[in-house]
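Here the structure comes first, spelled out in structure tokens, and everything after it is commentary.
Rendered as structure tokens:
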């Protein structure tokens, strides 16, 4: 089967965030199963991503994609799909209408435009693929996608590749209890809650260090909060890193924490579990579908830095519990291996 994927998301693990990681994994999984999968990338970028997405879709409309099945990521394909002659599948990653609830100002306004395009796309598709039951519920709520049109396919992770990276990674000496967080710095990730939790945690475990990977719109505000809280080297902002360096961070940490409140899946949770890290996260969005409370991690209610601090303290002070939850996580993540996910994707195609 020949599949053409349409995406105006930048094709890099840094700029494209989790969307690129998931799409790249799915394409490689499909190719391992013997299918031909090609991505039609965004070739020209401006300083306004919404404009990039519009221009990309005009280009798709003027020069239609080729393949047995066309797959549009999020809103991509919405102009072409009005007069399509091939089966069309839409893959929703974050659901823009859901994401904008946590944004404000111009970002919220631009996302509202993108959400309108995404709604049109889902209406024109033969099948709408979402990564979690949470996303299926939201797609029905905000876009009116009927249940019979929806299919849940989790995000894939290349376990063999990550395990090779972990095996080669130069683990740092464990001189301090270490918590890792990996996120694009959007308001919905609630990294400010994490910083507040670290202030509480430091009073209980003075040597603790929290290392944060990622950049984004909240970067300046979070660094200002870090200074205001006087966290010093208790929190280290690592910025954007390549996957090899990220593997070092995963294998050198004692646990993982991300208090996000809006997540279609959360591929970083799968990566952390693949590394054998127990996870601290919130009971929100799709997170409980990925991180099983008291089995692969500890879940707390959103908006409670004190609860986050207590959960991190529990893991950092209890090596046996860390090992138990970490081992369960490595078993849990097998369900998201890319070939298994790719096979599921093929099965739900129209």
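Numbering (the numbering used here), first residue to last: 327 to 676. Glycine included, each C-beta is placed from N, C-alpha and C at the ideal position.
With 16 or more other Cβ atoms from the protein chains shown falling within 10 Å of its own Cβ, residue 503 counts as buried. For the segment 570 to 611, the continuous beta strand (DSSP E) assignments of 3+ residues that do not extend past its boundaries occur at 581 to 584, 605 to 608, in sequence order.
Taking residue 428 as the centre and dropping the five residues before and after it, the same chain places the C-beta of 513, 514, 588 closer than 6 Å to its C-beta, in chain order. Buried is the label assigned to residue 535, since at least 16 other Cβ atoms lie within 10 Å of its Cβ.
Under DSSP, residue 330 shares a beta bridge with 364, 396.
Exposure of residue 546 is indicated by the presence of fewer than 16 other C-beta atoms within 10 angstroms of its C-beta. Where residue 563 is concerned, the enclosing beta strand (DSSP E) starts and stops at 561 to 565. Rounded to the nearest whole angstrom, the C-alpha separation of residue 430 and residue 583 is 25 Å.
For the segment 436 to 488, the continuous alpha helix (DSSP H) assignments of 4+ residues that do not extend past its boundaries occur at 459 to 469, in sequence order. Here residue 519 really is in contact with residue 631; their C-beta atoms are around 5 Å apart, less than 8 Å. Beta-carbon to beta-carbon, residue 506 and residue 607 are separated by about 13 Å, too far to satisfy the 8 Å threshold.
Fully contained in the segment 511 to 555 are the following alpha helix (DSSP H) runs of length 4 or more, in chain order: 517 to 530, 545 to 554.
Contact check for residue 327 against residue 394 passes: the beta carbons are separated by less than 7 Å. In summary, residue 383 is buried, with 16 or more beta-carbon neighbours lying within 10 Å of its beta-carbon over all protein chains present. Ranked by Cα distance from residue 464, the options 597, 593, 425 are led by 425. Around the beta-carbon of residue 594, 16 or more other beta-carbon atoms lie within 10 Å, marking it buried. In the three-state DSSP reduction, residue 507 falls in the strand class (E or B). Considering only 352, 538, 523, the residue with the shortest C-alpha distance to residue 562 is 538.
Distance from the CA of residue 414 to the CA of residue 490, rounded to the nearest whole angstrom, comes to 36 Å. Judged by DSSP secondary structure, residue 337 falls outside any beta strand (DSSP E); it is assigned neither H nor E. In this structure, DSSP gives residue 638 a helical state, which the three-state scheme calls helix. Residue 362 holds the alpha-carbon nearest to the alpha-carbon of residue 329 among 346, 336, 362.
Distance between residue 381 and residue 659, taken at the CA atoms: about 37 Å. Residue range 623 to 626 is occupied by the beta strand (DSSP E) that includes residue 625.
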